[in-house]
Amino acid sequence: MKTYLSLFLLICCCSDLVLAQQRNEKLIVEQDYLLSLPEGYQQDPQKKFPLVLFLHGSGERGNDLEKVKVNGLPKLVEAGKKFPFILVSPQAHENEGWESRDLMRLMQSLQKKYRIDEDRLYLTGLSMGGYGSWDMAIKYPGLFAAVVPVCGGGDSAKVWLMRNTPTWVFHGAKDDAVPLKASQEMVDALRIHNPSVKFTIYPDAGHDSWTAAYNTDSLYTWMLSQKRFKYTQSTVAKADLERYQGYYVNSLRNDTIKVEAGSGVLIGTMRNHQVEIKPYQEGRFFIKENEPVDVVFSGKKRKQQFVINDERQYIYKMIRKIE
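Numbered per mature numbering (1 follows the signal peptide of the UniProt record, and there is no 0), the sequence shown spans residues -20 to -1, 1 to 303.
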C-alpha cells in the first residue's frame, strides 16, 4: 500500500480509460489449514477471540494436513494442549514456500468467517515458517499485535518496518540448517528501531529450537498481552511545534513540503494539498492512528530534517526556516 502518497494527498494520479473490451475472471487459490477453536467459542456468540497464525517448516509441505501436526503448535494441540486463542495452521503446497499475499487473503477470509479480535492477531512460524513470519510481518507491518519467528531469517534491510511490532525471536546456537546468524542479523537490525525486541538463544539446541520455544509458558503470556499498535496523539502547545516550521525538500523526488504549526498539530502542505501531522512522542508524528506511517524530526534549527517512514524511507531536509 502506497500510504505515503495517499495519506499525504500530495501527488494526484490519473489513469486513462481502457477502451479495449475485457471480461472479468477470477483466480481461486485453495488453502488448506488446520483450525483449533478455544474453549468457550461456541458458548458466547458475541465474544471475539485472539488468533494465532502458525507457519510450519519445509518438511510439512504437501496436501496432507496430518503432516502439519508433526511440529510446533499443532503438535501441542494434537497432544491435548488447550490454548485460549483461535489457532490456524495452513499448509504450503509441495515445493513451495510461504507467499505473504496468499496468507493475507487467508487472514481476510478468516476475519469474515470467525469471531476474531482484530487487535490481537499473532504470527509465528518455525524454520521455513520463521522466514515466512519475518516476511509477512515486514510486508504487513500494521497487521499483527506480535510476531514470534523461530529459527528463521529475512531481509534485514527492511526489518525497520517492524519498528512498532513486539517481536520475540528464538534460535538454537548449534543450528546447522539455518545458522544462528540469520536471526542475529534480523534482531540487530530491528533493535535499532525497536529496542524492546526479545531474543532467546538455546546454547545446546540445533535446528529444533521450536520444541523448547513453544513449551515456554511465558511466551504465551507475553504474546497475548500485546495488542496491535496504534498511535495516540499527545498534547503539544503550538509554541513548541513552531520549532519544526519551515520548507523541507527531498532532492531525489524534487518535492518540497511546507510545515507549519497548527493547533496541537503540524500542517504539511505541498501543491496546495494539506494534511495534519499529529504528535505522539517528542519529535515523532503520525497521520492516522492505525496506519504504519510516521514522521520523525531530527537536528536543530536550520539543520533540521524529517523522515517519512512508510513502505520506504523518505528524507526531507530543511532549506528555509519559517519564523
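For glycine and all other residues, C-beta sits at the position ideal for the given N, C-alpha and C. Because the structure is a prediction, the values reported are computed rather than measured.
- Note that the region 102 to 110 does not touch the region 251 to 261; fewer than 3 beta-carbon pairs, one per stretch, sit closer than 8 Å.
- Here Ala126 is buried, its C-beta having at least 16 other C-beta atoms within 10 Å.
- Restricting attention to beta strand (DSSP E) runs no shorter than 3 residues, the region 87 to 143 encloses them at 96 to 106 and 126 to 130, ordered along the chain.
- Within the region 164 to 201, the runs of beta strand (DSSP E) that reach at least 3 residues and sit entirely inside it are, in chain order, 178 to 182.
- Segment contact: the region 186 to 204 against the region 166 to 177, fewer than three CB-CB distances shorter than 8 Å; contact not assigned.
- Sequence-distant Cβ neighbours of Arg171 in its own chain, meaning closer than 6 Å and more than five residues away, are Val177.
- Annotation: Lys297 to Met84 spans about 36 Å, alpha carbon to alpha carbon.
- Following the DSSP letters along the chain, one finds Asp44 in no alpha helix (DSSP H), marked with neither H nor E.
- In the DSSP annotation of this structure, the continuous segment of the alpha helix (DSSP H) that includes Leu53 starts and ends at Gly52 to Glu58.
- DSSP places Asp274 inside the beta strand (DSSP E), whose first and last residues are Asp274 to Ser278.
- Here Arg264 carries a strand assignment [DSSP, helix/strand/coil].
- DSSP places Glu79 outside both helix and strand once states are collapsed to three, so it counts as coil.
- Counting only the Cα atoms, Phe65 lies some 9 Å from Glu19.
- Closest option to Pro146, judged by alpha-carbon separation, among Pro175, Ile299, Tyr182 and Tyr260: Pro175.
- Assignment of Tyr21 by DSSP, reduced to helix, strand and coil, places it in the coil class.
- Taken through DSSP and simplified to helix, strand or coil, Lys297 comes out as strand.
- Using a Cβ-Cβ distance cut-off of 8 Å, the region 47 to 64 and the region 78 to 97 are not in contact, since fewer than three pairs of beta carbons, one from each stretch, lie closer than that value.
- For Lys238, there is no enclosing alpha helix (DSSP H); the residue is found in the beta strand (DSSP E) stretching over Asp235 to Ala241.
- In this structure, DSSP gives Lys281 a helical state, which the three-state scheme calls helix.
- A Cβ-Cβ separation of about 13 Å leaves Leu90 out of contact with Phe124 under the 8 Å criterion.
- Contact check between the region 59 to 74 and the region 28 to 43: three or more CB pairs, one atom from each, fall below 8 Å, which counts as touching.
- Asp290 is the residue among Phe209, Asp290, Val57 and Glu269 whose C-alpha sits nearest the C-alpha of Lys119.
- The criterion of a C-beta distance shorter than 8 Å is satisfied by Val229 and Ile299.
- The bridge partners DSSP lists for Asn270 come to none.
- If you look at Leu246, you'll find it in the beta strand (DSSP E) that goes Leu246 to Met250.
- Taking a 10 Å sphere around the C-beta of Asp155, we find 16 or more other C-beta atoms and assign the residue as buried.
- Gly77 has its alpha-carbon roughly 16 Å from the corresponding atom of Ala157.
- DSSP places Leu15 in the uninterrupted beta strand (DSSP E) bounded by Tyr13 to Ser16.
- Comparing alpha-carbon positions, the option among Gln71, Ala137 and Pro25 lying closest to Lys93 turns out to be Pro25.
- Here Arg208 has Asp99 and Ala125 as same chain residues with Cβ atoms under 6 Å from its own Cβ, once five neighbours each way along the sequence are excluded.
- Around the beta carbon of Ser231, fewer than 16 other beta carbons lie within 10 angstroms, which makes this residue exposed.
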